[in-house]
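Asks: Numbering (our numbering) for the sequence shown: 1059 to 1624. Backbone N, C-alpha and C fix where the C-beta goes; we use that ideal spot for every residue, glycine too.
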Amino acid sequence: MWRELLLLSVLGFLSLLPLLPVLTAPLDFIPVTRGGSATVPLFNAWTILWNVKGIERGFQGWWDAPIFFPERQCFAFSEPMPLTACLQPLVRIFGSVALAYNCWLAGNLFLNGVTACWLLRRCGCSCGPAAAAGCAMTLHPLLLTQLEVLQLTCLWPSLWLLSTLLRIATAAAEPAAGYGHCARLVSEAALAVICLPATCVHHTLFFGLLLLFAGWALVPWRSFLRWLLLVCGVAVLALPPAAMMLLPVQQVLRERGFERREETVAVLSAVPSDYLRAPEQSVASVMPQHVGRPWNLGAGWLRTVLATAGMMLVFGNAGLPLMRRLVLSLSLLLLAAALLSLGVNLQLGPWKIWAVLCDWLPGMAQVRSAFRFALFVQVAIILLAGIGLDRLQICFLRRAGCSSRTQRVIVVCLGLLVAGESWSVVPGRVDVPRIDVRPGWAEFLQSRAVSGEGVLILPYVQGHAPDDFQATVRWMIHSTVAGLRIVNGYSGFFPPAHFTLQRDLQRAGLESSLILQLQSGRVFWVVVTDSESDKQAQRQPLLREQWRSADGSEAVFEVVDRGQQE
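1) Starting from the C-beta of L1442, find all residues in its chain whose C-beta is less than 7 Å away, skip the five residues before and the five after it, and write them out in chain order.
2) Among residues of its own chain, excluding the 5 on either side of A1235, which ones have a beta-carbon nearer than 7 Å to its beta-carbon?
3) What are the residues that DSSP puts in a beta bridge with A1613?
4) So the candidates are A1143, T1222 and R1449; which of them puts its Cα closest to the Cα of L1040?
5) Got a sec? Which residues, its chain only, sit under 8 Å from A1595 by beta carbon, not counting five neighbours each side?
6) Near G1541, which residues of its chain fall below 7 Å by C-beta distance, leaving aside the five closest residues on each side in sequence?
7) How many Å lie between G1478 and V1469 at the Cα?
8) Which stretch, first to last residue, makes up the beta strand (DSSP E) that contains F1087?
9) Output needed for L1450: all residues of its chain with C-beta closer than 7 Å, excluding positions within five of it in sequence on either side, in chain order.
10) Quick check on I1544: does DSSP put it in helix, strand or coil?
11) May I ask whether a heavy atom of the ligand PLP can be found less than 7 Å away from the beta carbon of E1246?
12) What is the rounded straight-line gap between the Cα of I1445 and the Cα of C1183?
13) Since I1515 is in the beta strand (DSSP E), which residue starts that stretch and which ends it?
14) In the DSSP assignment, find the alpha helix (DSSP H) that holds R1179 and state where it starts and stops.
15) If contacts are defined as beta-carbon pairs under 8 Å, then L1210 and C1258 qualify, I think. What distance do you get, rounded to the angstrom?
16) Using CA atoms only, rank isn't needed, just tell me which of V1080, Q1118, L1066 and R1180 is closest to P1485.
17) Please state if the CB of L1311 and the CB of D1332 are separated by a distance shorter than 8 Å.
18) Check V1414 in the structure and name its three-state DSSP category.
19) Are at least three pairs of beta-carbons, each pair with one atom in the segment 1243-1254 and one in the segment 1407-1420, less than 8 Å apart?
20) Using the Cβ count rule (16 or more neighbours within 10 Å means buried), how would you classify M1059?
21) Return the bridge partner residues of D1489 from the DSSP annotation.
22) So what does DSSP say about L1254, is it helix, strand or coil?
23) Around the C-beta of Y1237, are 16 or more other C-beta atoms found within 10 angstroms, so that it is buried, or is it exposed?
24) If you drop the 5 nearest sequence neighbours on each side, which residues of the same chain put their C-beta closer than 6 Å to that of T1173?
25) Since I believe L1167 is in contact with P1076 (beta carbons under 8 Å), could you give me their beta-carbon distance rounded to a whole number of angstroms?
26) When burial is assigned at 16 or more other CB atoms within 10 Å of the CB, is G1377 buried or exposed?
27) Report back the beta-carbon spacing between F1126 and V1545 to the nearest angstrom; my notes put them in contact at under 8 Å.
28) What does a CB cutoff of less than 7 Å around G1112 pick up in its chain, not counting 5 residues either side in sequence?
29) Quick one: is P1554 buried, meaning 16 or more other Cβ sit within 10 Å of its Cβ, or exposed?
30) Can you say whether W1279 is buried or exposed, counting buried as having 16 or more other CB atoms within 10 angstroms of its CB?
31) Enumerate, from N- to C-terminal direction, the unbroken alpha helix (DSSP H) stretches of 4 or more residues contained entirely within the segment 1238-1304.
32) For N1326, which of helix, strand or coil comes out of DSSP?
33) Do you know whose CA, among S1611, W1605 and W1533, lies nearest A1103's CA?
34) What distance in whole Å lies between the Cβ atoms of L1447 and G1421, which are believed to be in contact at a cut-off of 8 Å?
35) Assign S1571 to buried or exposed, taking buried as 16 or more other Cβ atoms, counted over all protein chains shown, within 10 Å of its Cβ.
36) Cα-Cα, which of F1429, S1095, C1453 and I1493 is closest to T1538?
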């Protein structure tokens, strides 16, 4: 028991390391990685807030997020992460979305390590190597460099599903497995499947595709019918709730024609040499960072060597059927993920594999960052490294006649190197508005704007880069707290009306025809937060000033009825 408690304590400590910049004020700040955009974590904080609002309303109108008004189903434009609704008590008790964000981040990193360790222990690994792999999974190299993309931190549902599928295969191959045991496995696997889209649609698509290539290794072919019956039970329980989360997203994206351009995917596709570079903060590095390549996709050279040794030692031992099944599936998953991470760079003669997948597999045409398949490459390497460390401990150290103390010292040293071979520093932080702190315009409109009326906040964003939308995302947080629907917005995809409005405002500003067009879409309020927009609004006869801040920097204008002007 003390070992388990010690491991949980270590994993808890490691999961807090990325939060070091915010530990002095966890209710007000969230971490940002070096070179990362503050807009992305702020947007994920807004997503948590909208889910908290959703659970309080019983998820009524949940897909109709209060952005890009009057567009419908805007929440399907990006990752919904509905499981973050469970953070509602934290938001309501402490009045802080930042605290909920930080707890979700640390909790996911912690669960990544726990499920990795749990998976290896279930397949026969000893405690030390499994713990080392669990610590390495908590400090997942690529994940810590993509930390602001909050949904990517949820690797634990994939690991949990892999563990349950492995145990289902074992139960199907054992006639002595009782009905109660099989029912528990089916229920657990169904819950793992549901957690995948509830935490990250991105991982659902990627891991589901990888299972098509690697999942056959988890099938006990001699007991295929029994296994198929168990899997059908999982499907019956899991598919309805999973479909409720996935189908609206896919339907909205397909109906609106949202697809990624090949040029965009090409920029975010890996090349083979990316895997030859260890993480930036690594004990051993063979190749330097290549100019123009933004990622080091290697999991670490020691981990890679141990993973290779693990595959060789397990495949050479016929007495480890469960571990052999896991190693085979991880090896196939590693190969498939490495190839798919190449994105548009993966070609077989004239055959563009990525284009074929986009044509035939729902959701692939909306994928932008193909290199993120490398997340699962590193997952497989870390797990295989834990298995390799376990096999080396058993096969080599004991045969070499080492004393028990020497064995422990060697295994502990290797385990520490596996766990801490790479690390990442999260140097920055960004503040998140508390829900009880709102600008004056939001408080004014909360009592004046009628449900179903839209609000345009100026200045409207001029650029297209994520950093250009930081003010927009802050307005999204304030307006959601106040129960307002705004024309502004930020998301994974943007409706055509966003670009039209952006172009019209850049060309002619607040002209009467634009205001009448907004009025036809039930946008009756205009908030100005800069001097230039304020001047345009004051000159516009279709707008009437209703509120102004004490310092005059912000004002609220109401769209006057056209009939009164005539």
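Replies: Per the coordinate set shown:
1) Answer for L1442: A1365, G1368, M1369, V1385 and L1388, listed in chain order.
2) Short of 7 Å from the beta carbon of A1235, and not among the five residues preceding or following it, lie these beta carbons of its own chain, in chain order: A1229.
3) Bridge partners of A1613: V1586 and R1606.
4) As shown, the chain starts at 1059 and ends at 1624. That puts residue 1040 outside it, with no answer to give.
5) So the list reads L1516, L1568, V1584, V1586, L1601, E1603, A1613 and F1615, once near-sequence residues are dropped.
6) Taking G1541 as the centre and dropping the five residues before and after it, the same chain places the C-beta of Q1504 closer than 7 Å to its C-beta, in chain order.
7) Using only the alpha carbons, I get a separation of about 14 Å.
8) Boundaries of the beta strand (DSSP E) harbouring F1087: F1087 to V1090, taken from the DSSP string.
9) Around L1450: A1367.
10) Residue state for I1544 is assigned as strand, using DSSP reduced to three classes.
11) The ligand PLP is absent from the structure shown, which contains no ligands of any kind.
12) Distance between the alpha carbons of I1445 and C1183: 7 Å.
13) Segment G1512 to L1516, the beta strand (DSSP E) holding I1515.
14) It spans V1155 to R1180 - the alpha helix (DSSP H) in which R1179 sits, taken as one unbroken run.
15) Indeed, because the Cβ distance is near 7 Å, the residues count as touching under 8 Å.
16) The shortest C-alpha to C-alpha distance from P1485 to any of V1080, Q1118, L1066 and R1180 is the one to V1080.
17) Not closer than 8 Å, so no.
18) Of the three classes helix, strand and coil, the one that applies to V1414 here is helix, per DSSP.
19) Three or more Cβ pairs closer than 8 Å define a contact, and the segment 1243-1254 falls short of that threshold against the segment 1407-1420.
20) Exposed, by the Cβ-count rule.
21) Answer is F1087.
22) Taken through DSSP and simplified to helix, strand or coil, L1254 comes out as helix.
23) Of the other Cβ atoms in all chains shown, fewer than 16 fall within 10 Å of the Cβ of Y1237; this residue is therefore exposed.
24) Residues W1214, L1217 and W1218 of the same chain have their beta carbon placed closer than 6 Å to that of T1173, with the five preceding and five following residues left out of the count.
25) Contact holds; Cβ gap of about 7 Å.
26) G1377 should be labelled exposed.
27) Under the criterion of beta carbons closer than 8 Å, F1126 and V1545 qualify as touching, at roughly 7 Å.
28) Within the same chain, G1112 has close Cβ partners W1120 and A1143.
29) Of the other Cβ atoms in all chains shown, fewer than 16 fall within 10 Å of the Cβ of P1554; this residue is therefore exposed.
30) Exposed: under 16 other Cβ atoms inside 10 Å.
31) Whole alpha helix (DSSP H) segments, 4+ residues: 1259-1272.
32) In the sequence as presented, Asn is not what sits at residue 1326; that position holds Leu. If DSSP states are grouped into helix, strand and coil, L1326 belongs with coil.
33) Of the candidates S1611, W1605 and W1533, the residue whose Cα lies closest to the Cα of A1103 is W1533.
34) Between G1421 and L1447 the beta-carbon gap is near 36 Å, outside 8 Å, which marks them as no contact.
35) Exposed.
36) Taking only the C-alpha atoms, the option nearest T1538 is I1493.
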